[in-house]
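Okay, so the sequence shown: first residue is 7 according to the working numbering, each after it adds one. Virtual Cβ for every residue (Gly too), placed ideally from N, Cα, C.
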Amino acid sequence: MKPEEQYWNPILETLPREKLQQFQLKKFKSILKWAYENSPFYRSLYKDAGLEPGDIKTLDDIRKVPKTEKSMLREAQGKKPYPYGSILSVPIEQVTEYRQTSGTTGQPVYHPETWQDWEWSAESWAYALYAYGYRDYDRVFLPFGYSINIAFWAGHYAAEKIGCEVVPGGMLDTEARILKMKEIRATAFMATPTYILGMADTARKLGLDPAKDLYIKKITAAGEPGACVPATKKRMEEAWGAKVYDQVGATEIGHWGFECQAQAGLHVLEAFHLVEIEDIDTGATITEPGKRGSMVITTFDRFAHPCLRFDSKDIIEWSPVERCECGRTFRLLKGGVVGRADDITKVKGVLLAPTAIEEVVRDIPELGDEYEVIVTKKGDIDDIALKVEINPDAKRNVGAIEQKLVQQLRLKTGLRYNLEFHDYGTLPRYDVKAKRFKDLRHKE
Ligand SMILES: [Zn+2]
């Protein structure tokens with residue numbers, strides 16, 4: 007395949023590392039200067055730290071720049087001009103888009119974009135969709151209610167930018183979406199992993215096999231970690247007979263990582279972002295593979311609401327693969343976003359990432375897609391209940407399945423669970439993002 011057919015931007019996606027780093031340094035300096043000169047929030051943050059934009063001369067110098075985090079954004083938006091506050095770095099008349107974070111962890115963060123920023127968002131998504139194989143002949147279905155949150159809006163525009171035909175399936179229910187996708191022979195769609203599995207379930211209830219009766223070839227999975235959990239990815243790909251690609255982003259940051267067709271990890275979109283990994287305990291920068299830490303990210307070229315050295319709390323690690331077989335030079339992360347610092351809790355003194363339980367449950371074919379984890383305290387001791395669904399034809403083998411589950415959970419998470427087996431279809435189903443992990447300890 008010729009480079010122009012393989013990459014959305016053949017030059018930037020294959021830039022030698024050294025040149026890519028020079029490019030990133032230049033971009034970092036430019037957004038730093040922009041934020042310093044135009045945002046009262048950033049100017050006062052940097053002045054307090056005794057930092058001038060001219061102090062940054064190398065990539066290592068970037069570590070001198072103070073970090074930001076969500077609570078600081080919330081505080082800044084309490085100031086003028088309403089509602090964006092002191093981070094806003096353009097005259098408010100230039101803002102053309104309003105979005106907000108989902109607010110699952112508190113008061114939402116308002117997010118303004120200029121038309122140019124919005125173009126940036128669509129362009130950044132185009133890199134990813136093109137990497138998954140979206141082309142001008144694809145008919146892309148958006149089984150998604152367009153809302154006040156940013157999710158999939160940029161995916162819609164990026165697919166159009168590539169030249170795909172985009173079908174907005176927002177106001178339909180799940181059954182109607184499936185039937186429409188079949189009727190018009192949609193070849194791709196975008197959704198959360200929870201919904202990708204949920205839609206397959208609904209299709210089967212309609213008497214359809216999504217892998218045989220529909221025409222889907224590629225699926226963009228975003229909004230949750232599922233597509234980076236191997237067992238969940240396998241379930242989704244088998245259900246749909248299609249490739250499922252993991253994509254990551256957040257409102258404040260934009261889209262920042264995608265899988266290529268080699269599916270060898272998550273490529274950081276380094277032409278648009280600088281990603282650093284910090285050790286959670288020491289704050290030291292991790293540059294080598296194999297060590298997990300928290301992501302600190304800078305977004306280039308987004309001007310209304312700059313995002314510099316933002317501590318996203320995403321847990322990630324560099325991949326040992328130095329050069330991906332796809333030819334892209336953007337660095338790879340192993341296993342995508344492994345979890346969020348907020349989600350990783352200590353249970354019985356052991357660090358537990360909910361995705362580790364997901365990997366075990368979904369790797370056992372006799373169990374359904376749904377599960378629920380409830381952590382409570384009995385006296386001084388933590389108790390973990392794991393509820394799983396057993397498929398109807400596997401009911402007589404519960405003993406053997408239980409044994410396998412106990413053993414794998416022990417191996418992958420180092421913990422013991424009180425297991426509950428439920429009939430298939432009886433645990434709660436979620437439409438978009440699931441809440442399968444419930445830590446009730448602080449409430450008792
Ligand atoms: Zn690749």
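query: When DSSP labels each residue in this structure, what does Glu450 get in the three-state scheme?; result: With a pLDDT of 43 at Glu450, under the threshold of 50, the modelled position of that residue is not reliable, and no figure is offered here.
query: Can you tell which of Thr382, Lys249 and His273 has the C-alpha that lies nearest to the C-alpha of Leu446?; result: Thr382
query: How is Asn424 classed by DSSP in three states: helix, strand or coil?; result: strand
query: Please name the residue or residues paired with Tyr377 in a DSSP beta bridge.; result: Val394
query: Could you name the residues whose beta carbon sits closer than 6 Å to any heavy atom belonging to ligand 1, keeping them in chain order?; result: Cys266, Ala268, Ala270, His273, Cys330, Cys332 and Arg334
query: I'd like the ranges of any beta strand (DSSP E) spanning at least 3 consecutive residues and lying wholly in the stretch 83 to 129.; result: 101 to 106 and 116 to 120
query: Count Cβ pairs between the stretch 423 to 438 and the stretch 399 to 415 that sit closer than 8 Å; are there 3 or more?; result: yes
query: Curious, which full-length beta strand (DSSP E) runs of at least 3 residues does the stretch 161 to 207 contain?; result: 171 to 174 and 194 to 197
query: Rounded to a whole number of angstroms, what is the C-alpha to C-alpha distance between Asp437 and Asp142?; result: 29 Å
query: Please name the residue in Asp123, Gly333, His162 and Phe147 whose C-alpha comes closest to that of Gln100.; result: Asp123
query: I want to know whether the stretch 31 to 42 touches the stretch 56 to 74 - three or more CB-CB distances under 8 Å.; result: yes
query: I'd like the ranges of any alpha helix (DSSP H) spanning at least 4 consecutive residues and lying wholly in the stretch 332 to 384.; result: 360 to 368
query: Where does Arg145 sit, in a helix, a strand or coil, going by DSSP?; result: strand
query: Quick one: grab the DSSP three-state call for Tyr133.; result: helix
query: Could you compute how far the alpha carbon of Pro97 sits from the alpha carbon of Thr180?; result: 41 Å
query: Check whether the Cβ of Lys319 sits closer than 6 Å to any heavy atom of ligand 2, and report yes or no.; result: With respect to small molecules bound, the structure shown includes ligand 1 and not ligand 2.
query: Which residue from Ile259, Ala157, Ala82 and Glu282 puts its Cα closest to that of Ala227?; result: Ala157
query: In the structure shown, what three-state DSSP assignment does Glu323 receive?; result: coil
query: Please classify Pro89: is it buried, with 16 or more other beta-carbons within 10 angstroms of its beta-carbon, or exposed?; result: exposed
query: What residue ranges within the stretch 10 to 83 form continuous alpha helix (DSSP H) runs of no fewer than 4 residues, ordered along the chain?; result: 23 to 44, 46 to 54 and 76 to 82
query: Are Leu275 and Trp262 closer than 7 Å when you measure CB to CB?; result: yes
query: Return the chain-ordered list of same chain residues with a C-beta closer than 6 Å to the C-beta of Asn44, the five sequence neighbours on each side being excluded.; result: Ser95
query: Comparing alpha-carbon positions, which option in Tyr48, Gly355, Thr304 and Gly161 lies nearest Phe147?; result: Gly161
query: Ordered along the chain, which non-local residues of its own chain (more than five positions away) have a Cβ less than 6 Å from that of Lys223?; result: Thr193 and Ala248
query: Could you tell me the boundaries of the beta strand (DSSP E) in which Met301 lies?; result: Gly299 to Thr305
query: With DSSP run on the structure shown, which of helix, strand or coil describes Lys240?; result: helix
query: Output the residue ranges of the alpha helix (DSSP H) runs that lie fully inside the stretch 221 to 282 and measure 4 residues or longer, sorted by chain position.; result: 236 to 246
query: Note down, in chain order, each residue of its chain lying with its Cβ closer than 7 Å to the Cβ of Val367, except the 5 sequence neighbours on either side.; result: Leu373, Tyr377 and Val394
query: Taking the alpha helix (DSSP H) that Asp287 falls in, what are its first and last residues?; result: Counting along the chain, Asp287 falls outside any alpha helix (DSSP H), and DSSP gives it neither H nor E.
query: Since Leu339 and Ile350 are thought to touch, with beta carbons under 8 Å apart, how far apart are those beta carbons, to the nearest angstrom?; result: Not really, about 17 Å apart at Cβ, beyond 8 Å.
query: Over what stretch of residues does the beta strand (DSSP E) that includes Asp445 continue unbroken?; result: Phe443 to Asp445
query: Roughly how many whole angstroms lie between the Cα atoms of Glu331 and Arg49?; result: 42 Å
query: Decide if Val356 is buried, meaning its Cβ has at least 16 other Cβ atoms within 10 Å, or exposed.; result: exposed
query: DSSP beta-bridge partners for Phe316?; result: Thr74 and Ile303
query: Return the residue from the list Val344, Leu18 and Thr432 that minimises the CA-CA distance to Glu129.; result: Leu18
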